[in-house]
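Participant: Quick one: the structure is below, questions incoming.
Number of protein chains: 2
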Amino acid sequence: MEKKEEICEVKLSHSDCSKSLLPVRDALDALNGKWKLQIIISLMFGNKRFTQIAKEIPNITDKMLSKELRDLEAHELVKRTVYDSIPVIVEYTLTEHGRSLRELIEVLRVWGIKHRNQVMGKVEIGDTLEVVN
Amino acid sequence: MEKKEEICEVKLSHSDCSKSLLPVRDALDALNGKWKLQIIISLMFGNKRFTQIAKEIPNITDKMLSKELRDLEAHELVKRTVYDSIPVIVEYTLTEHGRSLRELIEVLRVWGIKHRNQVMGKVEIGDTLEVVN
DNA sequence: TATATCACTATCCTTTTGTATAGTACTTAC
DNA sequence: GTAAGTACTATACAAAAGGATAGTGATATA
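Going down the list, the sequences are from chains A and B. According to our numbering, the stretch in the first sequence is residues 77 to 209, in order. According to our numbering, the stretch in the second sequence is residues 77 to 209, in order.
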């Protein structure tokens, strides 16, 4: 009978947890990898053309930018517009859905600053370290 | 002279944008991949032991869980405690710093639901699709 | 004519991520 | 004594992500 109670407890916790896991998984599927959020940030600051974005984001290669923009388009976060002027101009803009990531990015940015101060200041992790105080 | 103005505009925007990019990059470095946030969510719901976490998160393998827990420990988000009882019990808990991700996860969860409703309902993307309405 | 820009694509390679399967040393349950 | 659970590690492999470099066809600039 102890066993039965335990199962109930586990099931409840498991079910609650799953309810959180699924949407977070969905979000991560759309925003995965090193570059997507950085591209979205760049577009929030008004960048629009391929080469501009490439210059804005340190170390991104053309190949990655091209691939990630295609992914973001498929997820309806970014819109690609081709103007058939001479020469042809390709413009990238955020969709309404893409702009709705503003809050998430803000929270991530604030947490990132905290993380850098609390953890990265002490020990060198990765390659983006700059000396703190 | 048009050129000079343009350079100023780009520089300003670039500098502002970089200020956002760096912390977000820091955050992504600590939280990257498919599993870290899911593990943290699982620990927020009170799970603590290796096998429990493994059961809680769909499709994670022992190898990945083991690796990601080590990464999270290195970033001071998770604490690993060994009790030398018989048999030995290993407990994983969130650190204060790990718990500070609660808001981020909540925002991500809410956005994930919105994303599922707005985008994933229409077209099949990935393997987590369930029929909407 | 030579160089540069734009918006990419192609190729090759390495690293990381993820899967599958098995095994270990211990203990508890049946 | 057999099976199952705990907390992993080891091995082998496939797939995806990411990096480096070069090239393309257009046009614009010097």
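Every residue gets a Cβ at the ideal spot worked out from N, C-alpha and C, and that includes glycine.
(1) Can you pull the DSSP bridge partners for GLU167/A?
(2) Short of 8 Å in beta carbon distance, which residues of its chain neighbour ARG175/A, apart from the five on each side in sequence? Order them along the chain.
(3) Mapping the DSSP letters down to three states, classify HIS191/A as helix, strand or coil.
(4) Determine the closest residue to LEU107/A out of TRP187/A, GLU152/A, CYS93/A and ILE165/A, with distance taken between C-alpha atoms.
(5) For the putative contact between TYR168/B and ILE129/B, defined by C-beta atoms under 8 Å, what is the C-beta separation to the nearest angstrom?
(6) Is the beta carbon of GLU132/B closer than 9 Å to that of HIS90/A?
(7) Could you check whether the Cβ of MET196/B sits closer than 9 Å to any Cβ belonging to chain A?
(8) With a cut-off of 9 Å, does the C-beta of GLU144/B fall near any C-beta of chain A?
(9) Starting from HIS173/A, trace the alpha helix (DSSP H) in both directions and tell me its first and last residue.
(10) Between PRO163/B, ASN123/B and TRP111/B, which lies nearest to LYS139/B when the distance is taken from Cα to Cα?
(11) Tell me which residues of the region 178-191 of chain B have at least one Cβ-Cβ distance to chain A shorter than 8 Å, keeping chain order.
(12) Beta-carbon of ILE165/B versus every beta-carbon of chain A: anything under 9 Å?
(13) Please decide whether ALA130/A counts as near chain B, where near means a Cβ-Cβ distance under 9 Å.
(14) In whole angstroms, what is the alpha-carbon distance linking GLU149/B and THR157/A?
(15) Using C-beta distances below 8 Å, list every residue in its chain close to ILE117/B, excluding the 5 sequence neighbours before and after it, in chain order.
(16) Would the C-beta of PHE121/A count as close to the ligand GDP, meaning under 8 Å from any of its heavy atoms?
(17) Would you identify the three-state DSSP class for GLU149/B, choosing helix, strand or coil?
(18) Any idea what DSSP makes of PRO99/B, helix, strand or coil?
(19) Comparing the C-beta of GLU149/B with each C-beta of chain A, is any distance below 9 Å?
(20) Using the beta-carbon count (16 or more within 10 Å), is ASP102/B buried or exposed?
(21) Here's the rule I'm using: 16 or more other beta-carbon atoms within 10 Å means buried, otherwise exposed. How should ARG192/A be labelled?
(22) When the Cα atoms are used, what is the spatial distance from VAL195/A to ILE189/A?
Facilitator: So, from the data block:
(1) THR157/A
(2) Its chain contains MET120 as the residues whose beta carbon lies nearer than 8 Å to that of ARG175/A, once the 5 sequence neighbours on both sides are disregarded; these appear in chain order.
(3) helix
(4) GLU152/A
(5) 7 Å
(6) The Cβ atoms of HIS90/A and GLU132/B sit closer than 9 Å to each other.
(7) yes
(8) no
(9) In the DSSP assignment, HIS173/A falls within the alpha helix (DSSP H) that extends over 172-175.
(10) TRP111/B
(11) Within the region 178-191 of chain B, GLU179, LEU180, ILE181, VAL183, LEU184, ARG185, VAL186, TRP187, GLY188, ILE189, LYS190 and HIS191 place their CB atoms closer than 8 Å to a CB of chain A, listed in sequence order.
(12) Cβ-Cβ to chain A under 9 Å: no for ILE165/B.
(13) no
(14) 44 Å
(15) For ILE117/B, where only same-chain residues beyond five positions count, the Cβ hits under 8 Å are ILE181.
(16) For the ligand GDP, the structure offers nothing, since it holds no ligand at all.
(17) helix
(18) In the structure shown, PRO99/B sits in a helix (DSSP, three-state: H, G or I).
(19) no
(20) Flag for ASP102/B reads buried.
(21) buried
(22) 10 Å
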